[in-house]
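Using the working numbering, you'd call the opening residue of the sequence shown number 821 and step up by one each time.
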Amino acid sequence: MKTVKLDEKDLRILKDLERDGKKSLKDVSDSMKLSMTSVFERIKKLEKGKVIRGYKAVLDREKLDKGSTALLLAKVSMQEDLREVAKRVSAASGVSEVFIVNGKWSLVAKLRGKDAGEIAGIVLDNIRQVKGIEGVEVFHVWETVKESGDILN
């Protein structure tokens, strides 16, 4: 993967937008003391270069009845294609993120559900049924200390 050369102004724009994706062009240009045209052109360049891949809302899981989080570790059979198993796991309802990792476990997945019962259903009815999964261990999250998804902030 090719990295993109960014200057300080690009990085400041990215930090501003990462903090608040709805921040207006005027507010970004005012905070940077740059013209709106300059900021607009830089943002378009960052979008075209896929540095900015999109914009999305940050949702309140509690209000959407998805307040329970668990981390799942999964062991994948050596006879199976690890990436294919990871894709099948990521397609399961309630799975928000999947990572291929090294060590004793092959995959780590973040699960979201209403409560521990719904998380158990996701594991038992979906993930454990995925061809290639040999074993799982689930850790229920008691408290989230930091969760942002931010790269620059």
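Ideal Cβ positions, reconstructed from N, Cα and C, are used throughout, including at glycine.
The count of Cβ pairs closer than 8 Å, one atom from the segment 845-861 and one from the segment 888-902, stays below three, leaving the stretches out of contact.
At the C-beta level, residue 895 and residue 926 come within 8 Å of one another. Going by DSSP, residue 929 is part of no alpha helix (DSSP H) but of the beta strand (DSSP E) stretching over 927-933.
Apart from the 5 residues on each side of it in sequence, residue 930 sits with its Cβ closer than 7 Å to the Cβ of 889, 891, 916, 917 in its chain, given in chain order.
For residue 877, the number of other beta carbons within 10 angstroms of its own is below 16, and it is reported as exposed.
For residue 834, the three-state secondary structure derived from DSSP is helix.
Annotation for residue 960: 888, 889, 890, 936, 939 place their beta carbon closer than 8 Å to its own, counting only its chain and skipping 5 residues before and after. Between residue 910 and residue 946, the C-beta gap is not smaller than 8 Å, which leaves the two residues out of contact.
Nearest neighbour of residue 922 by Cα position, chosen from 893, 907, 950, turns out to be 893. In the three-state DSSP reduction, residue 914 falls in the coil class, being neither helix nor strand. Contact between residue 834 and residue 866 is confirmed by a C-beta separation of about 7 Å, below the 8 Å threshold. For residue 883, the closest of 934, 964, 919, 825 by C-alpha to C-alpha distance is 934.
Considering only 846, 943, 966, the residue with the shortest C-alpha distance to residue 908 is 943.
In this structure, the CA atom of residue 955 is about 9 Å from the CA atom of residue 897.
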